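Presented below is the structure to which this report refers.
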Amino acid sequence: MKTLLFSLLIMLLPTAVAYGGSEQDFIGKMMSHVNSKADTYLDSEYEHITVSPTMIKSVLKMIGSNSKLLSDVDADKQEQLKGLLENVKSLRILTVSKEADKYMTLTQKLLKKHKRVYKEYAVEQLGEDKQIWTRQSGKNVIEIVMIEEAPKGKDTLQIVDLTGSFGDNFFNMLMKMR
Amino acid sequence: MNYKNISNLLERYFECTATAEEEQLLRSYFQTEEVAEDLLPYKDLFCAIQSEAGVSLPADFDAKLQQRINSQKPATPFRARIISLNRSLSPFYKAVASVALVITVGVMSGNFWSARDPEPVEYNYANYHDTYSDPEIACEKVTDVLRDLSTALRGSDAADTAAVLTDAKTTIKE
């Protein structure tokens, strides 16, 4: 009896380990893989852009200070942008200019590996060259990954990765954005 | 029996070369009260041997022993038992059942924990290195991305609207 109870305790302990801690966004996961195989994924093939939470705050500050100088129309647009940015924590963009197939294969491999985390959104309506994947935590979406393949004949790929807190309000504002 | 003779006999006794008659002579000597002073230490030895020789079993010992033997319950006769295959595999079945129970509980607990709302995800923003130092450029990039995302989502929304309209027209025609 003691042995059985001890075995049960040992078995349940790993499942009770709290989630959280340092987590990478999707492009972070990709870049970890790319950087570990530098001879396969060359620096000249891609461009990686990061806008951190600190910069987002700076942008919001800038928008706040500039809004007084703008016309009503522009002020509305700035207000809309501000409303959207308040939900955004970071932005990462990975633009591949060569050997896009290789990076697309890696993308699909990572999406498959993390299929319990990233769910595909609006598959059919987006078209063949676009995919949107989201990551949820509770009721909110916390990460949006948009994958855009180039039209046939062009060897490019762009992946955009937004993190933040994206509820219904955010998507409503986003849909109104022009 | 003089002192010299006794000494010689004692010497032979301790060398284990004394005969039975010589040992008897020694015992007879030490049982007398006229034992030489330097031979007194040996008196207790020969007297103890003599007293031990007098110990014997009581007369009713055999009768008591037999009675004790007869009062014991007869031993059950040993019979060989045939152990069936199921019985011999019983420990194995128990082990399999235990492992199955542990696995089942483990899977159920895993599903339970994964089905719950996960803990808040903490991204490692400390490792983010800004590409742009100018907020204006960063703002442009972010705005472009949000616009593209909006277009993509509105594209799907427009497709949904078109599908609803097509269905409505079909229904009216019917």
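So the sequences go chain by chain: A and B.
Throughout, our numbering is defined as the position within the first sequence, counted from one, plus 253.
Throughout, our numbering is defined as the position within the second sequence, counted from one, plus 28.
Built from N, CA and C at the ideal position, the CB exists for glycine as well.
In this text, all values refer to a predicted model and were calculated from it rather than measured experimentally.
Reference residue i; option with closest CA among the options
i: residue 167 of chain B; options: A:312, A:408, A:278, A:289; result: A:312
i: residue 159 of chain B; options: A:277, A:278, A:294, A:301; result: A:301
i: residue 182 of chain B; options: A:385, A:412, A:307; result: A:385
i: residue 280 of chain A; options: A:405, A:361, A:422, A:391; result: A:361
i: residue 153 of chain B; options: A:350, A:393, A:396, A:342; result: A:342
i: residue 382 of chain A; options: A:404, A:391, A:393, A:398; result: A:404
i: residue 394 of chain A; options: A:254, A:424, A:366, A:294; result: A:424
i: residue 25 of chain B; options: A:412, A:431, A:295, A:290; result: Nothing about residue 25 of chain B can be read from this structure; chain B reaches only from 29 to 202.
i: residue 69 of chain B; options: B:38, B:102, B:96; result: B:38
i: residue 392 of chain A; options: A:365, A:421, A:406; result: A:421
i: residue 255 of chain A; options: B:136, B:126, B:151, B:161; result: B:126
i: residue 287 of chain A; options: A:365, A:366, A:355; result: A:355
i: residue 307 of chain A; options: B:176, B:52, B:163; result: B:163
i: residue 299 of chain A; options: A:327, A:428, A:412; result: A:412
Whole-angstrom C-beta distance between residue j and residue i, which should lie under 8 Å
i: residue 316 of chain A; j: residue 333 of chain A; result: Actually they do not touch by this definition, with Cβ atoms about 10 Å apart.
i: residue 410 of chain A; j: residue 282 of chain A; result: Not a contact, Cβ separation roughly 16 Å.
i: residue 352 of chain A; j: residue 414 of chain A; result: Not really, about 20 Å apart at Cβ, beyond 8 Å.
i: residue 373 of chain A; j: residue 149 of chain B; result: Contact doesn't hold; Cβ gap of about 19 Å is too wide.
i: residue 309 of chain A; j: residue 338 of chain A; result: 6 Å
i: residue 371 of chain A; j: residue 398 of chain A; result: 7 Å
i: residue 340 of chain A; j: residue 418 of chain A; result: 5 Å
Spatial neighbours of residue i in its chain, beta-carbon cut-off 6 Å, leaving aside the 5 residues before and after
i: residue 336 of chain A; result: 426
i: residue 109 of chain B; result: none
Cross-strand partners of residue i (DSSP beta bridge)
i: residue 47 of chain B; result: Beta-bridge pairing links residue 47 of chain B to no other residue.
i: residue 384 of chain A; result: A:400
i: residue 414 of chain A; result: A:345, A:398
i: residue 389 of chain A; result: A:394
i: residue 275 of chain A; result: B:150
i: residue 303 of chain A; result: A:345
i: residue 372 of chain A; result: A:387
i: residue 419 of chain A; result: A:394
Cut-off 7 Å between Cβ atoms - residues of its own chain near residue i, not counting five sequence neighbours on either side
i: residue 303 of chain A; result: 345
i: residue 40 of chain B; result: 46, 50
i: residue 357 of chain A; result: 402, 410
i: residue 368 of chain A; result: none
Residue i burial status per 10 Å Cβ neighbour count (16 or more: buried)
i: residue 388 of chain A; result: buried
i: residue 416 of chain A; result: buried
i: residue 318 of chain A; result: exposed
i: residue 123 of chain B; result: exposed
i: residue 180 of chain B; result: buried
i: residue 131 of chain B; result: exposed
i: residue 61 of chain B; result: exposed
i: residue 178 of chain B; result: buried
i: residue 92 of chain B; result: exposed
i: residue 119 of chain B; result: exposed
i: residue 97 of chain B; result: exposed
i: residue 400 of chain A; result: buried
i: residue 278 of chain A; result: buried
i: residue 290 of chain A; result: exposed
i: residue 111 of chain B; result: exposed
i: residue 43 of chain B; result: exposed
i: residue 15 of chain B; result: In this structure chain B extends from 29 to 202, so residue 15 of chain B is not present and cannot be described.
i: residue 314 of chain A; result: exposed
i: residue 366 of chain A; result: exposed
i: residue 121 of chain B; result: exposed
i: residue 169 of chain B; result: buried
Spatial neighbours of residue i in its chain, beta-carbon cut-off 8 Å, leaving aside the 5 residues before and after
i: residue 34 of chain B; result: 54, 57, 64, 67
i: residue 85 of chain B; result: none
i: residue 305 of chain A; result: 343
i: residue 75 of chain B; result: 58, 59
i: residue 157 of chain B; result: none
i: residue 173 of chain B; result: none
i: residue 297 of chain A; result: 351
i: residue 429 of chain A; result: 333
i: residue 284 of chain A; result: 301, 347
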